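J.: Residue numbers (this note's numbering): 104 to 279.
Structure (structure tokens):
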């Protein structure tokens, strides 16, 4: 087998020798693990609850707050309010949430779980989205910046840097 120069190239960074091929291989393996984990979490959530990962994530965030404004829910989920309204519409059709309009300001709408929604939370597994957000929020600024720069590079490599982001394992677009 011929020696691949890209795989065998070594570099010195911060006084340490780095094997470029090993770094590429480890990065690809980690991406595979991440994609597989997200897929596994989503399948498990859908089998257990009948909901998509994003819908179940919304239910769990609402449960933690007992009642939450749509704008606050969108901030907690890092999604555009119009995207969250679409998720709430589907959850409401399934009888899992209800909207409560403020008596003081008719523009303000809170969302809370119904009894059916509360019961669903009891059997619901974790969702990848909430684990990812929690992990990112707990990172140091330096680490989070490094992850964001790396993810941005991946988006550029795949030619999707400016594309509208879809919800994880969904065709639904996060409206910006």
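Cβ coordinates follow ideal geometry from the N, Cα and C atoms, glycine included.
These numbers come from a predicted model, not from an experiment.
#1: Check whether the Cβ atoms of residue 202 and residue 211 lie closer than 7 Å to each other.
#2: Enumerate in chain order the residues of its own chain whose CB-to-CB distance from residue 169 is below 6 Å, with the five nearest sequence positions on each side excluded.
#3: How big is the Cα-Cα spacing for residue 139 and residue 132?
#4: So residue 233 packs on residue 163, CB below 8 Å; how close in whole Å?
#5: How far does the alpha helix (DSSP H) with residue 255 in it reach, from first residue to last?
#6: DSSP has residue 223 in a bridge; who is on the other side?
#7: Jot down the residue ranges of each uninterrupted beta strand (DSSP E) in the region 119 to 155, minimum 3 residues, whole runs only, in chain order.
#8: Would you mind working out which of 207, 237 and 194 sits nearest residue 218, comparing C-alpha positions?
#9: Quick check on residue 137: buried or exposed, where buried means 16 or more other Cβ atoms within 10 Å of its Cβ?
T.: Here's the rundown:
#1: What you label residue 202 is simply residue 99 of the chain shown in a count that begins at 1. What you label residue 211 is simply residue 108 of the chain shown in a count that begins at 1. No; because the gap between Cβ atoms is not below 7 Å, this pair is not in contact.
#2: Here residue 169 is taken as the residue at index 66 of the chain shown, counted from 1. Cβ neighbours of residue 169 beyond the five flanking positions: none.
#3: As a first step, residue 139 must be located in the chain shown, where it is residue number 36. As a first step, residue 132 must be located in the chain shown, where it is residue number 29. Near 11 Å, if we compare the C-alpha coordinates of residue 132 and residue 139.
#4: Here residue 233 is taken as the residue at index 130 of the chain shown, counted from 1. Here residue 163 is taken as the residue at index 60 of the chain shown, counted from 1. Confirmed, Cβ separation roughly 6 Å.
#5: For the purposes of this step, residue 255 is identified with residue 152 of the chain shown, where counting begins at 1. 244 to 260 is the extent of the alpha helix (DSSP H) around residue 255.
#6: Position 120 of the chain shown, counted from the start, is the residue given in the question as residue 223. DSSP output for residue 223 lists no bridge partner at all.
#7: Within the region 119 to 155, the complete beta strand (DSSP E) runs of at least 3 residues are 119 to 122.
#8: Within the chain shown, the letter at position 115 stands for residue 218. Answer by Cα proximity: 194.
#9: As a working note, residue 137 is residue 34 in the chain shown. Per the 10 Å Cβ criterion, exposed.
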